[in-house]
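Following: one structure in structure tokens, then a few remarks.
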Amino acid sequence: MDEKVISITIWGNGIQQEKWLNWYQYVENLAKSLGYKLTHIGIQSKSFCSGKILTVARKKKDILASIADGEKPLSLSCYSLPKDYRIASFDYDFLCVRKEEYISIIVKEDDYSKLNSKSVISKLKEYINYDYGEIYIMSKKEMPLIYAATRNSDNIETFSLIEEI
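So the sequence shown is numbered by the working numbering: it starts at 1308 and just counts up by one.
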């Protein structure tokens, strides 16, 4: 089955480097409001540079402690993955990524109606120097984060813009 996902992506001209702990808490609560629990974290920072996603159960305290101590991540990804997942970038139920260039929340098409998109957008704008945003739908197989990173839909067959923000 070709599962569709809807992304809310906000692009900026440089991240507001503070509020990482607040952002994580917001994402955790947002996932919970959709019926998911964050299971994995991906982080790029001075202390965490393996590039691998880590389990929340094992590493959440260490990651949040390093951020509380002043470490500024280059990126932070939060996943809700099913127990039987194979590839995190394709098997997620909920995914949220914060980078210098953008913040993106990706949810299943069926879950989107549970979100108050205006509230989500307003909250995301607190964590980035807002420049532009979009809500779009596409196949999960075409990896929405590639579009978020490039803003180029030329090679994405299933991309459809829902709304400019």
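For each residue, glycine too, the CB sits at the ideal point set by N, CA and C.
Own chain partners of residue i with C-beta closer than 6 angstroms, once the 5 adjacent residues on each side are dropped
i, result
"Leu-1383", "Ile-1350 and Arg-1405"
"Ser-1373", "Ser-1354"
"Ser-1467", "Ile-1444"
"Ala-1455", "Thr-1316, Tyr-1409 and Ser-1411"
Endpoints, the beta strand (DSSP E) within which residue i is located
i, result
"Asp-1438", "1435 to 1446"
"Glu-1378", "Looking at the DSSP string, Glu-1378 is not in any beta strand (DSSP E), and its letter there is neither H nor E."
"Leu-1345", "Run containing Leu-1345: none; DSSP gives neither H nor E here."
"Leu-1468", "1467 to 1471"
"Tyr-1386", "1382 to 1387"
Terminal residues of the alpha helix (DSSP H) in which residue i lies
i, result
"Glu-1416", "1416 to 1419"
"Ser-1460", "Where Ser-1460 is concerned, there is no enclosing alpha helix (DSSP H), given that its DSSP letter is neither H nor E."
"Leu-1431", "1424 to 1431"
"Phe-1397", "1395 to 1398"
"Lys-1339", "1327 to 1340"
Residue i vs residue j beta-carbon contact at 7 angstroms
i, j, result
"Glu-1449", "Thr-1465", "yes"
"Ile-1394", "Leu-1402", "no"
"Leu-1345", "Glu-1335", "yes"
"Ile-1315", "Glu-1416", "no"
"Lys-1421", "Leu-1337", "no"
"Ile-1469", "Ile-1444", "yes"
"Asp-1400", "Tyr-1333", "no"
"Glu-1378", "Ser-1352", "yes"
"Lys-1432", "Glu-1310", "no"
Residues of its chain near residue i, where Cβ-Cβ distance is below 7 angstroms and the 5 sequence neighbours each way are ignored
i, result
"Trp-1330", "Arg-1405 and Tyr-1434"
"Ile-1530", "Outside the displayed span of the chain (1308 to 1472) sits residue 1530, for which this structure offers no information."
"Ser-1276", "Any property of residue 1276 remains undetermined from this structure, which presents the chain solely from 1308 to 1472."
Residue i beta carbon near the ligand SAH (any heavy atom closer than 6 angstroms)
i, result
"Ile-1413", "This structure lacks the ligand SAH; in fact it carries no ligand of any kind."
Proximal residues to residue i (C-beta, below 8 angstroms), its chain only, five neighbours per side dropped
i, result
"Val-1427", "Ile-1315, Leu-1337 and Ile-1412"
Are the region 1315 to 1331 and the region 1430 to 1440 touching by the rule of at least three beta carbon pairs closer than 8 angstroms?
yes
State whether the region 1407 to 1418 contacts the region 1346 to 1361, with contact taken as three or more CB pairs (one from each stretch) at a distance under 8 angstroms.
no
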